[in-house]
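Chemist: The following block contains the structure, expressed as structure tokens.
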Amino acid sequence: MAYIAVLGHGVVGSGVLEVLTTHTESIEKRAKERIEVKRILDLREFPDLPYSERFTKDFEEIVTDPEIGIVVECMGGLHPAYDYVRSCLLAGKSVVTSNKELVAEKGAELLALAQEKNLNFLFEASVGGGIPIIRPISQCLAANEVSEIAGILNGTTNFILTKMIREHMEFSEALRLAQELGYAERDPSADVEGTDACRKICILASLAFGTHVYPNCVYTEGISGVALEDVDFADVWGGVIKLIGSVKRLESGQVHIMVCPMFVHRGSQLASVDDVFNGILVRGDVTGDVVFYGKGAGKLPTASAVVADVIDCVKHMAARKYLFWEDAKPDFVADPNTADVTAYVRVSGETGDAAFAAAERVFGAAHVKRLLANSPKAGEAAFVADGETEATLAEKLAKLEAQGVRVENRIRISDY
Ligand code: HSE
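Take any residue in the sequence shown, note its place counting from 1, add 28, and you have its number in the working numbering.
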């Protein structure tokens, strides 16, 4: 019998209990041992559950129990999750977590501690919900040099954007629905402002390039500035708007890494990733592009990834899974202002024609292409500007503003 404990009985923690209960026999066959949840840590009371006697409010009961060999952390947030996970590793227990904030902020340290103690620290559920992505990058694609990763990494924002694109639904209404369905974070601004996607691209970048990338080093922009007008112009351009987390290795050995809404062409495999689904494109030198697709949030898909890690731990109690990256190096993340960019820009002025004429003067007529709206708004124009870097784009937009042309929005255009 393998005894485990689960920290947190929220959306994911309760899903883990459900999957272990509904799939007991098949899981036992795969793990070659029965898995029993001995303790569940939560401050709330759950008197009506068939396993309510296993709840505790006291973490010490778990960390000091020699029978518990694996601890599953599904609390979310950095504290006390980090303190508990660290204590469990120090006490000789392997840890499985779904907590992307924890892995993005403390991954290098916790992986080093797990290595020192010859334990496993696994986090398949931290990126892409039910999509296998951590193992494929660390194991199945290990023969490749990965040059780039780009993905729709947040289910909530993808759900909201899909509702805006398909149903012209208001942003707030779509967010409320995502919360009801259990997709959104406790504080949904982490979804909407791109923080959640940022943590996930940091984890993928750290894994693929072997050096920890901390979230505070990543330029991050969310979807709260995306208007229905932008959705319409994306359609005229030939695509859709998606929140993309991307990382690209440069010849210098540095990486460009960013999270922002992007125009994605209809022909791209990422364009048809809708609703709560995530899609992650990994560009390898041997494989070419490999795309992973599936439900990126929600109780059971995420629990599926957690339980798979638990099975892996049970099968490797005496051996470590190879999963490791070094701590951050100075200058590993390149200055985002040096990145090349093609961007859609929506401007307004006295008339749309006048605003566009100003853009032609500032960018050069050969570098701007006007987009004509299906239902034009008085005074507005939109165009695509190419051949810029982030720095020159910002300078030119400031020049336009100085000439009395208001920049309503600008959204980068992806080449994935
Ligand atoms: N809030 C997250 C999302 C949950 O919407 O993708 C899964 O990490």
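Virtual Cβ for every residue (Gly too), placed ideally from N, Cα, C.
(1) When you compare the segment 250-268 with the segment 380-395, are there three or more beta-carbon pairs, one atom per stretch, that lie closer than 8 angstroms?
(2) Determine the direct distance from the alpha carbon of L147 to that of A347, and round the result to whole angstroms.
(3) Give the secondary structure of N127 by DSSP, where H, G and I count as helix, E and B as strand, and everything else as coil.
(4) Let's see if you can read the secondary structure: which residues bound the alpha helix (DSSP H) around D340?
(5) On the CB-based measure, 16 or more other CB atoms within 10 Å of its CB, does V314 come out buried or exposed?
(6) Considering only their Cβ atoms, is the gap separating H196 from L256 smaller than 8 angstroms?
(7) By the three-class DSSP mapping on this structure, what secondary structure does D263 have?
(8) Please tell me whether, using a cut-off of 7 angstroms, the distance from the CB of G157 to the nearest non-hydrogen atom of the ligand HSE is below it.
(9) Check C102 in the structure and name its three-state DSSP category.
(10) Is there at least one non-hydrogen atom of the ligand HSE closer than 7 angstroms to the beta-carbon of E213?
(11) Taking G41 as the reference, give the member of N365, R398, A331 with the closest Cα.
(12) Given this structure, state the Cα-to-Cα distance separating S115 from G105, to the nearest angstrom.
(13) Taking G266 and R311 to be in contact with their CB atoms under 8 angstroms, please state how far apart those CB atoms are, rounded to whole angstroms.
(14) Could you give the residue range of the beta strand (DSSP E) that holds R58?
(15) Could you tell me the boundaries of the beta strand (DSSP E) in which V412 lies?
(16) Given the structure, does G179 come close to the ligand HSE, in the sense that its CB is under 7 angstroms from one of the ligand's heavy atoms?
(17) Hey, quick one: how far does the alpha helix (DSSP H) through S115 stretch, first residue to last?
(18) Per the contact definition of three or more C-beta pairs closer than 8 angstroms, is the segment 164-176 in contact with the segment 228-242?
(19) Is the separation between the beta-carbon of L203 and that of I188 shorter than 8 angstroms?
(20) Given S122, which residues of its chain have a CB within under 6 angstroms of its CB, disregarding the five upstream and five downstream residues?
(21) Short of 8 angstroms in beta carbon distance, which residues of its chain neighbour L425, apart from the five on each side in sequence? Order them along the chain.
(22) Quick one: measure Cβ to Cβ for E64 and M29, integer angstroms, because I've assumed they're closer than 8 angstroms.
(23) Do you know whose CA, among A406, D359, A419, E378, lies nearest T370's CA?
(24) Between which two residues does the beta strand (DSSP E) carrying A309 extend?
(25) Kindly indicate which three-state DSSP category S175 falls into: helix, strand or coil?
Modeler: The short version:
(1) Judged by Cβ distances under 8 angstroms, the segment 250-268 makes no contact with the segment 380-395, as fewer than three pairs qualify.
(2) In a straight line, the C-alpha of A347 is about 7 angstroms away from that of L147.
(3) coil
(4) For D340, the enclosing alpha helix (DSSP H) stretches over residues 327-343.
(5) V314 counts as exposed, since fewer than 16 other C-beta atoms from the protein chains shown sit within 10 angstroms of its C-beta.
(6) yes
(7) helix
(8) yes
(9) coil
(10) yes
(11) A331
(12) 16 angstroms
(13) With a contact defined as Cβ atoms closer than 8 angstroms, G266 and R311 miss out at about 22 angstroms.
(14) Where R58 is concerned, there is no enclosing beta strand (DSSP E), although the alpha helix (DSSP H) it sits in stretches over 52-59.
(15) Per DSSP, V412 belongs to the beta strand (DSSP E) from 408-417.
(16) No; taking the cut-off as 7 angstroms, the Cβ of G179 has no heavy atom of the ligand HSE nearer than that.
(17) 109-118
(18) Using a Cβ-Cβ distance cut-off of 8 angstroms, the segment 228-242 and the segment 164-176 are in contact, since at least three pairs of beta carbons, one from each stretch, lie closer than that value.
(19) yes
(20) I98, L147, N148, C341
(21) So the list reads V373, V435, R438, once near-sequence residues are dropped.
(22) 6 angstroms
(23) A419
(24) Looking at the sequence itself, residue 309 is Leu, so the reference to Ala does not match. Unbroken beta strand (DSSP E) run through L309: 305-312.
(25) Residue state for S175 is assigned as strand, using DSSP reduced to three classes.
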